[in-house]
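Residue numbers (our numbering): 4 to 132. Okay, structure first, notes after.
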Amino acid sequence: MRLRLTSIMVNNQDQALKFYTEVLGFEKKHEIPMGQYKWLTVRSPEGPDELELSLEPNANPDGKAFQEAMFAQKIPVAAFETADIDADHQRLSALGVVFLSAPQAAGPVKIAVFSDTCGNLIQLYQVVV
4 MRLRLTSIMV
14 NNQDQALKFY
24 TEVLGFEKKH
34 EIPMGQYKWL
44 TVRSPEGPDE
54 LELSLEPNAN
64 PDGKAFQEAM
74 FAQKIPVAAF
84 ETADIDADHQ
94 RLSALGVVFL
104 SAPQAAGPVK
114 IAVFSDTCGN
124 LIQLYQVVV
């Protein structure tokens with residue numbers, strides 16, 4: 004067994020695609036119309052090609068409630084690894100990304116948390132051991 008696809012809910016798929024590709028630097032993998040929404044995935048150019056993040060519409064009321072509760076409680080719904088958290092923090096901040104916390108030590112990692120503009124908090128981390 005291995006991880007090939009994971010999902011996060013977004014409140015606007017087009018806005019999410021723009022943020023995840025133009026700001027974070029991911030690449031669009033799939034964009035397939037599915038009625039009112041679309042099957043929309045991105046991948047990291049630094050990761051394996053088959054590992055995808057699905058940007059799911061938060062149309063399900065329970066899913067939307069979960070997403071809003073996690074955001075309100077300031078709990079990240081995903082964590083992305085970086086080789087240089089300080090440089091990425093500076094680059095993303097310059098692009099207007101809102102960070103809840105600047106990079107800080109947390110045991111064997113350094114972490115920072117930012118908003119993805121689509122209803123989620125994302126943790127950025129760097130292993131420092």
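Idealized CB from N, CA, C, for every residue including glycine. This structure is a prediction, so every number in the text was calculated from the model and none was measured.
Under the three-state DSSP convention, the category residue i falls into
| i | result |
| --- | --- |
| residue 96 | helix |
| residue 20 | helix |
| residue 132 | coil |
Residue i classed as buried or exposed, judged by whether at least 16 other C-beta atoms fall within 10 angstroms
| i | result |
| --- | --- |
| residue 19 | buried |
| residue 44 | buried |
| residue 147 | With the chain represented from 4 up to 132, any question about residue 147 goes unanswered, as that position is not in the structure. |
| residue 115 | buried |
| residue 98 | exposed |
| residue 123 | buried |
| residue 126 | buried |
| residue 103 | exposed |
| residue 70 | buried |
Residue i versus residue j: straight-line alpha-carbon distance, rounded
| i | j | result |
| --- | --- | --- |
| residue 7 | residue 83 | 15 Å |
| residue 78 | residue 57 | 19 Å |
| residue 33 | residue 113 | 32 Å |
| residue 118 | residue 80 | 10 Å |
| residue 35 | residue 41 | 5 Å |
| residue 121 | residue 13 | 5 Å |
| residue 100 | residue 91 | 11 Å |
| residue 15 | residue 60 | 7 Å |
| residue 132 | residue 48 | 24 Å |
| residue 111 | residue 129 | 9 Å |
| residue 62 | residue 85 | 31 Å |
| residue 106 | residue 88 | 7 Å |
Beta-ladder partner(s) of residue i, from DSSP
| i | result |
| --- | --- |
| residue 12 | 59 |
| residue 37 | 40 |
Query raised in the report: For the segment 45 to 118, which segments carrying the alpha helix (DSSP H) assignment without a break, of at least 4 residues, lie completely within its bounds, in sequence order?
Result: 64 to 75, 88 to 97
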